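For the sequence shown, our numbering assigns the number 1183 to the initial residue and increments by one for each residue that follows. Just so it is clear, CB atoms sit at the ideal spot from N, CA and C, and this is done for glycine as well. Since the structure is predicted, the reported quantities are computational estimates derived from the model, not experimental observations. The block underneath contains the structure these notes are about, expressed in structure tokens.
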Amino acid sequence: MTRLTPIKDHFFIAFPETLREDELPKHFADPFSNEPHPLCVLASNELQQHLMEQDWEHNFGLESERTENVIGKMFGVLVVRTQDGEIGYLSAFSGKMGGRNHYPGFVPPVYDGLKEGSFLNLGMQELTRINREIEQLMASKPTGHMEEVDRLMKLRRSNSMALQDKVFDHYHFLNKDGEEKSLRDLFPNNPPGGAGECAGPKLLQYAFLHDMQPLAMAEFWWGQSPKSGFWKHRQFYPACRQKCEPILVHMLEGTKIA
């Protein structure tokens, strides 16, 4: 069984049969609910089949011979209606996969910090240079270079904070009315690390950018459970509240939620 073929859009995958109106959600399903809509289950089954058929760079811990750098991953599906009235779904993964942001069939990130020449890439290169200089000084005669090491550590801290603030300013999230808010708008005190990189915001952002109507969303864990044992392979989970709730509240503003 292979994944359905995307049509017209590189990321939109249509369901194989015409659906009756009573099979569609009357309102957008609550993303913080544990009960995925049947269409989300159907889409997730298709996506999971696709995941099993790929040779991923990312190690999900599902192959006994690959024991290093094991990390499971949260995936999400968003059932949507296109402007042409077609019903299908979009797919996304949380964070990065195999150190990459882009894979065929998965919507892009809200902000791509890995893009070549981006301020984030250049900023990270500068932080790496400072780290290397600190290490060299400490390895030679640390007592004779403490003043310079202290200066470099302060520079590293200020550069890191400025870079993080700039990253926050580059994450902008839409809702159905085209209203946009940044991470710093949504988390006035301090956005948590990784905010905006979960599957849910990626899916909604792509849908709104391409005039698709979100109908239902679900997320599931794929891969070995972490040490905490909380997430289980193939299990559905609600959107996380710490990183996603303020973002999704804004993105779903004006959307009727069941």
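Quick one: residues in its chain with C-beta nearer than 7 Å to the C-beta of residue i, no 5 flanking neighbours on either side, listed in chain order?
i: L1334; result: I1312, E1315, I1316
i: V1292; result: Y1353, F1355, G1378, P1383, K1384, Q1387
i: G1376; result: G1277, K1425
i: H1432; result: F1355, N1357, K1363, L1368
i: L1233; result: W1404
i: E1308; result: N1341
i: A1225; result: V1259, V1261, Y1271
i: K1438; result: H1209, F1210
i: K1348; result: F1301
i: D1212; result: I1439, A1440
Which same chain residues end up closer than 8 Å to residue i when comparing Cβ atoms and leaving out the 5 residues on each side of it in sequence?
i: P1207; result: H1219, L1221, V1261, L1397, A1398, A1440
i: R1423; result: F1214
i: E1427; result: F1214, A1421
i: E1205; result: P1220, L1221
i: R1416; result: Q1230, F1402, W1403, W1404
Going by DSSP, which residues form a beta bridge with residue i?
i: A1274; result: G1258
i: Y1419; result: E1401
i: Q1395; result: R1263
i: M1282; result: Checking the displayed sequence, the identity of residue 1282 turns out to be Arg instead of Met. R1282 is bridged to M1279.
i: F1210; result: I1439
i: L1434; result: Looking at the DSSP assignment, L1434 forms no beta bridge with any residue, so it has no partner.
i: L1356; result: E1362
Using only the alpha-carbon positions, how far apart do residue i and residue j sit?
i: G1258; j: H1284; result: 15 Å
i: G1287; j: S1342; result: 33 Å
i: F1242; j: M1256; result: 11 Å
i: S1322; j: R1282; result: 36 Å
i: C1380; j: R1338; result: 28 Å
i: L1296; j: L1302; result: 7 Å
i: L1430; j: L1244; result: 31 Å
i: D1393; j: D1294; result: 21 Å
i: M1320; j: G1326; result: 9 Å
i: T1200; j: E1228; result: 17 Å
i: L1345; j: G1360; result: 27 Å
i: Q1406; j: F1418; result: 14 Å
i: E1298; j: L1304; result: 9 Å
i: F1390; j: V1289; result: 12 Å
i: E1203; j: V1223; result: 18 Å
Which same chain residues, not among the five before or five after residue i, have their C-beta less than 6 Å away from its C-beta?
i: F1350; result: L1365, R1366, P1373
i: E1435; result: N1357
Where does the unbroken alpha helix (DSSP H) through residue i begin, and where does it stop?
i: S1342; result: 1328 to 1352
i: S1364; result: Note, S1364: premise wrong, no alpha helix (DSSP H); beta strand (DSSP E) at 1362 to 1364.
i: R1202; result: From DSSP, R1202 is part of no alpha helix (DSSP H); its letter is neither H nor E.
i: I1312; result: 1301 to 1322
i: C1222; result: 1220 to 1235
- Message: Taking contact to mean 3 or more Cβ pairs, one atom from each stretch, closer than 8 Å, check whether the region 1203 to 1220 and the region 1396 to 1413 are in contact.
- Response: yes
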